[in-house]
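Contents: one structure, followed by commentary.
Chains as they are written, first to last, in the numbering used here: chain Z, 486 to 687; chain F, 1354 to 1482.
Given below as structure tokens:
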């Protein structure tokens, strides 16, 4: 869907909701449920919880719709609101992370297959993001969620781009230290990558 | 959101892994469940804000009464401290002991009356205050 069309539809739906037409909010949920659930998933890596958090974000958006000042796009406002909701939800109940060394161990001969092992190690890296300190975790999560757009990530976080870049660099540095074989370009990320320096993220 | 990132934009070995996350599709009931919560919320009557304007005279009155009591108490303490003697202490204690229950009963009655009037005023049913 072209972004301009989506923005027009968002604006029309917001106006209808503010005029008292509750059902118009369905259009907003329909368009943004995918991005919000995926964003929440990146914060917690738990599907059920991601949907709960996304639902809470929609409810907050509903309550605060009149507070959207239309200076920024609806999506920017919605993502910023959702990030606040996810952040506070995770402060109340932190995401449960599986210890990486356990998750990465090949459990049976099938996991020796390169493709499967690569998939497993990629997933371990994604889970390692959740083990980063909070100030570095969110920029990493949002940067990749916004498809490597620092400006979008900084708008969502409400922080200057420079701060986001600095935190992102530090977050990636921690991840590289945690997964040293990532720095070897020709080496595929096999499960052997996952003999990390355990102290880095702890 | 931007279209998918092209591989040539990767500068880091981490980039392709974290950028190439599989997209979750929300469960089929997500939209309906969310709209149900929204409709429930819309059906609820709006929260009644605390009537600060109506409460203001009561609050001012309470503060004034408390201030006046404090002022009187301080005055009495200072006066008694200047005129203290063993005989007076005994007399004051004896008189105080006799009047104390009556005083407390009067205070309780006044407080009850005021709180009843204040509550009725908050509910908008009294023209007394």
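Note that beta-carbon positions come from the ideal geometry of N, C-alpha and C, so glycine has one too. Remember, it's a predicted structure, so these values are computed and weren't measured experimentally.
By alpha-carbon distance to residue 1416 of chain F, the top candidate from F:1467, F:1430, F:1475 and F:1432 is F:1467. For residue 522 of chain Z, the closest Cβ of chain F is nearer than 7 Å. Runs of the alpha helix (DSSP H) spanning 4 or more residues and lying entirely within the stretch 509 to 592 of chain Z occur at 510 to 529, 532 to 548, 559 to 577 and 585 to 589, in chain order. Take the alpha-carbon of residue 1409 of chain F and the one of residue 1424 of chain F: they are about 22 Å apart. Put simply, of F:1370, F:1470 and F:1397 the residue whose alpha carbon is nearest the alpha carbon of residue 604 of chain Z is F:1370.
In this structure, residue 614 of chain Z sits away from residue 1379 of chain F, with a CB-CB distance that is not shorter than 7 Å. The beta carbon of residue 580 of chain Z is closer than 6 Å to those of 529 and 615 in its chain, skipping five residues each way along the sequence.
Cβ neighbours of residue 527 of chain Z within its own chain (closer than 6 Å, five residues either side excluded): 626 and 630. Between residue 1367 of chain F and residue 617 of chain Z, the C-beta spacing is not below 7 Å. Taking a 10 Å sphere around the C-beta of residue 499 of chain Z, we find 16 or more other C-beta atoms and assign the residue as buried. Excluding the 5 residues flanking it on each side, residue 548 of chain Z has no same chain C-beta neighbour closer than 7 Å.
Taking 7 Å as the threshold, the shortest C-beta distance from residue 578 of chain Z to chain F does not fall below it.
Judged by their CB atoms, residue 1475 of chain F and residue 1400 of chain F are not nearer to each other than the 7 Å cut-off. Residue range 1383 to 1396 is occupied by the alpha helix (DSSP H) that includes residue 1384 of chain F. For the pair residue 502 of chain Z and residue 550 of chain Z, the CB atoms are nearer than the 7 Å cut-off. Here residue 664 of chain Z carries a coil assignment [DSSP, helix/strand/coil].
In the displayed model, residue 646 of chain Z falls within a helix according to three-state DSSP. Between residue 1389 of chain F and the set Z:656, Z:544 and Z:532, the nearest pair of CA atoms involves Z:544. With a 10 Å radius around the Cβ and a threshold of 16 neighbouring Cβ atoms, residue 1461 of chain F comes out exposed.
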